[in-house]
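Input: a single structure, listed below in structure tokens.
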Amino acid sequence: MFNLLKNQSNRRFHKIINQVKNFSNIFHKYSDNELKEQTKRLKVKIAKEENENEILAETFGTAKEAIRRALGLNLFDVQILGGLILNEGKIAEMKTGEGKTIAAILPSYLHTLQGKNVHVITVNDYLAKRDSELVKKVYQYLDISIGLVQQSMTSEERKKEYNKDITYLTNNELGFDYLRDNMAINTHDIVQSNLDFAIIDEVDSILIDEARTPLIISGPYEAPINKYITSYDISKTLNKNLDYEIDEKARNIILTDQGILKCEHALNTNNLYSLDNPWIQYILNALKAKELFLINVHYIVKKQEVIIVDEFTGRIMEGRRWSDGLHQAIEAKEKVEIKPENQTLASITYQNLFLLYKKLSGMTGTAKTEETELDKIYYLEVQEVPTNKQCKRKDLADLVYKTEYSKWKAIANECYDMHRLGRPTLIGTTNVEKSEFLAKILDEFNIPYNLLNAKPENIAREAEIITQAGRKSAITISTNMAGRGTDIILGGNPYIMTKIVLCNYIYRILKLNKTYNFKEIETNIKIKLEKITDKDIKININNISIEQYIEEEINSISSHKEKNNKIQNIYLEILKEYKILFNRERQEILTLGGLHVIGTERHESRRIDNQLKGRAGRQGDIGSSRFFLSLEDNLFRIFGGDKIINLMQTLNIDDDIPIESTILTKSLNSAQKKVEAYFYDVRKQLFEYDEVINNQRQAIYSERRRILKSKFTRDCILEYGESTIDEILNLYRNENRISRKIILIQKIKQLLSINDKFLINDILNMNIEEIKYFLYEQLIITYDLRESYMEQLRPGLIRQLERYYLLQQIDKAWQEHLEKMIILRESIGWRSYGQQDPLIEYKNEGFQMFINMVTYIRQTVIYLTMRSRLIVRLE
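All residue numbers for the sequence shown refer to this note's numbering, where the first residue is 85 and numbers rise by one.
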């Protein structure tokens with residue numbers, strides 16, 4: 085507990101942590117069935133609202149014992165502390181390797197006992213699957229069901245998974261399911277349960293990095309494909325700094341007057357900005373594709389398709405496309421098939437999505453640098469959790485070179501030295517292109533390495549590469565380690581390595597193509613593998629992969645099933661060998677200095693740099709990190725200013741001699757803070773503008789839900805009819821001209837399809853209240869006749885028709901409204917030149933547009949329901 089007491093804010097948890105450990109010691113004596121019964125007993129106690137703190141300690145103690153039985157892990161005090169912070173709806177900052185995944189089990193268990201839906205949200209499908217499979221072993225001791233939502237699942241499968249006690253999923257799946265649910269036509273199409281409690285893993289990655297762009301569901305929208313090709317051809321004739329200027333900070337292109345004239349001449353038009361035939365957006369996107377979006381940096385081309393690379397995790401984002409025609413511009417540039425542009429059907433920002441939860445919490449290794457934003461936007465407090473063992477990593481001073489070439493040469497020399505010394509080395513690069521550039525240099529030096537980047541062939545080997553990254557003399561080049569979710573264990577990970585060699589051997593004896601690449605297998609492990617014959621492998625390749633087969637065999641060992649299976653026995657034998665071998669190698673590596681981390685460029689965010697450094701020195705291991713930089717790096721070039729460049733030129737420093745100084749480090753930190761502040765403003769602005777749409781979105785979505793759940797939609801139609809009467813009568817009240825009053829009465833008659841039996845003059849002689857109730861009465865009479873007619877055609881037909889028109893018109897109007905709001909936002913910025921606040925103007929005009937949309941929906945639904953003509957075919 086000595087570590088915990090160093091932090092004043094953590095002292096209040098001291099008593100609870102001791103209580104948790106005491107309860108855990110009591111449950112240690114329980115049988116498996118008695119431990120399962122604890123779940124029922126705790127539910128009863130919670131229902132009776134007994135002492136909250138005691139229930140908390142008993143619940144955590146129960147989960148702690150289940151973790152010990154399932155995983156053989158005795159929770160550290162700091163992990164219990166992490167669980168307590170998450171339970172309070174805060175962010176627990178726990179360093180790499182401190183067991184965040186396990187800590188999340190404690191508050192998840194407590195909230196599911198309280199009858200709440202618990203969602204554990206991760207950054208990718210791989211981590212969601214891995215974590216759900218891990219915790220499933222724990223929860224089988226507690227009689228709690230675990231769900232997993234994956235990208236490939238159908239609606240029915242998703243619904244089933246959301247209905248389980250605790251669901252693991254990614255932020256993307258959560259967002260898209262929310263939007264799809266609010267486009268559903270029937271209640272049984274809704275898959276999500278209530279948004280009660282969420283724990284977000286890598287919370288800074290999701291709530292900060294991902295929050296720059298909203299989630300969008302779109303549908304096909306016809307735009308002329310040839311415009312993208314023509315625009316890209318023109319962009320190649322335009323010259324940088326003459327025809328256009330690049331704003332690298334804002335990632336934007338500005339055409340000069342000369343550039344505009346050049347484009348207009350090439351297109352034979354006198355106005356690029358014409359509303360009838362606009363070209364400006366196509367030209368700007370073509371220039372962005374040419375200058376700002378680079379292959380193997382921002383995207384890759386796979387199977388003649390442009391696929392986005394996530395700049396924070398280095399992973400490819402299948403199925404995601406840039407909006408507003410940018411993706412099509414890049415497709416034109418790469419000469420691949422240009423897919424049609426899409427129209428926005430529904431959208432939401434991550435900020436507003438996660439604020440829908442009644443309670444939110446998160447965990448990460450790096451959130452303190454962004455605590456202001458997390459507090460202001462999400463109302464989340466960041467609380468640091470001390471490491472279980474003191475961190476012994478040495479973060480060496482940055483080395484800054486004059487040129488990028490000198491920097492890469494120095495990195496290669498450092499890799500060579502580390503490889504010869506025997507220290508495992510991890511090199512973090514900022515994009516695919518640079519990782520492959522370094523790989524070529526290491527090839528020249530004849531240094532063996534593993535490459536982990538967004539290329540599909542490397543992603544497939546991710547687990548295998550990370551498993552070996554901690555082995556002696558291993559060199560691993562990785563494009564961003566954020567969100568990898570796998571620790572680098574010094575000496576190697578015996579569990580994953582055993583699985584890999586087993587899978588590899590089975591692939592080989594079944595004469596299948598896939599194989600893993602790793603160091604030469606030790607002779608004694610080879611001998612054990614060769615005991616397996618094809619007769620021992622009871623698998624149907626059509627139904628299950630070899631990896632799944634091995635996983636099931638291993639799981640059956642941990643669930644105490646009888647171990648009479650040859651595969652299981654050989655797995656245990658190899659695991660034992662690897663544990664001895666890797667532990668011996670680990671001790672050797674520790675004497676050499678542990679894992680060495682090399683950063684090849686400072687990232688836009690200090691958090692990403694800290695995540696890379698955090699790979700070394702896990703659980704008290706020794707290790708080191710150093711960043712190699714150059715004055716040609718983007719951060720220096722765009723944000724660092726010219727002072728340092730001028731200093732190095734004045735001092736006439738040789739290209740191969742680095743500068744190591746506190747002034748440089750401070751300058752870099754200042755540059756990173758500038759970038760973080762800039763992107764915070766971008767996200768804040770996105771949030772503020774989306775807040776306007778969010779209020780409208782909630783109103784529309786709650787109305788849709790009301791209609792979907794309503795068993796008697798007749799009331800909705802009559803309510804819409806009465807509202808329409810009220811709206812038109814408001815105009816009638818303020819109208820003095822008789823001719824205009826008559827037109828308004830005629831409009832009501834037309835909309836409501838009211839019979840022309842009453843005289844206009846009679847209405848004109850009534851007061852406003854008499855007119856209103858008279859028209860209400862006429863509406864009900866007309867609708868009763870309509871309903872009676874429909875029921876004769878087919879019983880229940882009127883209810884189907886009502887629901888169809890209500891949902892169809894709401895969706896149609898909302899989609900058109902979203903498009904109008906996008907156009908409004910793009911143009912509203914110009915108002916600032918007239919000393920007007922664009923945001924206030926956006927709110928005012930957006931509100932008026934929303935009122936008009938609601939009026940349009942009501943009037944259209946009433947008109948269609950009252951006047952539709954149906955042809956009933958007799959079978």
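Even glycine gets a Cβ: it sits at the ideal position worked out from N, Cα and C.
- Separation of Y462 from F438, as counted between CA atoms: 8 Å
- Three-way DSSP call (helix, strand, coil) for G567 in this model: Because the pLDDT of G567 is 46, which lies under 50, any placement of that residue in the model is unreliable, and the question is left without a value.
- Task: May I have a chain-ordered list of the beta strand (DSSP E) segments no shorter than 3 residues that lie completely inside the segment 404-452?
- Result: 426-432 and 443-448
- Query: Looking only at DSSP bridge pairs, what is T560 linked to?
  - Reply: Its beta-bridge partners are L510 and N534.
- Item | R821 versus T808: straight-line alpha-carbon distance, rounded | So the two alpha carbons sit approximately 21 Å from each other.
- So is F144 buried or exposed if we call it buried at 16+ other beta carbons inside 10 Å? buried
- Message: Are the CB atoms of E389 and V420 within a distance shorter than 8 Å?
- Response: Yes, they are a contact pair.
- Task: Just list the beta strand (DSSP E) runs in the segment 298-367, keeping only unbroken ones of 3 residues or longer that don't cross its boundaries, in chain order.
- Result: 299-304, 328-331 and 336-339
- Have a look at E672 and Y500 and give me their C-alpha separation to the nearest angstrom. 19 Å
- Message: Quick check on D765: buried or exposed, where buried means 16 or more other Cβ atoms within 10 Å of its Cβ?
- Response: exposed
- Message: Since D79 and T450 should fall inside the 8 Å C-beta cutoff, what is the C-beta to C-beta distance between them, to a whole number of angstroms?
- Response: With the chain covering 85 to 959 only, the question about residue 79 has no answer from this structure.
- Item | Under the three-state DSSP convention, the category K90 falls into | The predicted model places K90 with a pLDDT of 48, which falls under 50 and marks its position as unreliable, so this point remains unresolved.
- Task: Take the Cβ of E886 as the centre, count every other Cβ of all protein chains shown within 10 Å, and call the residue buried at 16 or more, exposed below.
- Result: buried
- Given L753 as reference, the closest of T254, T453, K248 and Q427 once Cα atoms are compared: Per the sequence presented here, residue 753 reads as Asn, with Leu not at that position. Comparing alpha-carbon positions, the option among T254, T453, K248 and Q427 lying closest to N753 turns out to be T453.
- Message: Taking CB distances under 8 Å as the criterion, tell me whether L155 reaches chain C.
- Response: Chain labels in this structure do not include chain C; a single protein chain is all it has.
- Meets three-Cβ-pair contact criterion under 8 Å: the segment 844-862 and the segment 792-810: yes
- Measure the CB-CB distance between I658 and T582 and report whether it falls below 8 Å. yes
- Span of the alpha helix (DSSP H) around V385: First-last for V385: Y383 to V385, but that is the beta strand (DSSP E), not the alpha helix (DSSP H).
- Query: Is the Cβ-Cβ distance between I630 and I664 less than 8 Å?
  - Reply: Against a cut-off of 8 Å, the Cβ pair of I664 and I630 comes out as no contact.
- Query: Helix, strand or coil for Q467 per DSSP?
  - Reply: The answer is strand: DSSP assigns Q467 an E or B state.
- Task: Report yes if the CB atom of G303 is closer than 8 Å to the CB atom of L410, and no otherwise.
- Result: no
- Message: Helix, strand or coil for V275? Go by DSSP, reduced to three states.
- Response: coil
- Message: Give me the residue from H687, K615 and H503 with the minimum Cα distance to K650.
- Response: K615
- Task: Taking A783 as part of the alpha helix (DSSP H), name the residues at either end of that continuous run.
- Result: T746 to K793
- Express the C-alpha separation of I584 and I979 in angstroms, rounding to a whole number. The displayed coordinates of the chain run from 85 to 959. Any statement about residue 979 would go beyond what the structure contains.
- Separation of D116 from K124, as counted between CA atoms: 14 Å
- Helix, strand or coil for A373 per DSSP? Helix.
- Task: Just the C-alpha distance for W363 and H680, rounded to the nearest angstrom, thanks.
- Result: If you take the alpha carbons of W363 and H680, they lie about 52 Å apart.
- Query: Looking at the unbroken alpha helix (DSSP H) that takes in T238, where does it start and where does it end?
  - Reply: Here T238 belongs to no alpha helix (DSSP H), and DSSP marks it neither H nor E.
- Would you grab the beta carbon distance between Q122 and T146 for me? Rounded to a whole angstrom, and I think it's under 8 Å. 5 Å
- Going by beta carbon distance, what residues of the same chain come within less than 7 Å of T487, once the five residues before and after it are set aside? S714, E716 and D739
- Distance, K213 Cα to R153 Cα: 21 Å
- Message: Quick check for students: name the residue ranges of the beta strand (DSSP E) that lie wholly in the segment 607-643, counting only runs of 3 or more.
- Response: none
- Query: So T448 packs on S519, CB below 8 Å; how close in whole Å?
  - Reply: That pair is no contact at about 24 Å.
- Message: Tell me whether the segment 129-142 and the segment 173-182 touch, counting them as touching only if at least three CB pairs, one residue from each stretch, are closer than 8 Å.
- Response: no
- Message: Assuming R690 is part of the alpha helix (DSSP H), what are its boundary residues?
- Response: R690 to K697
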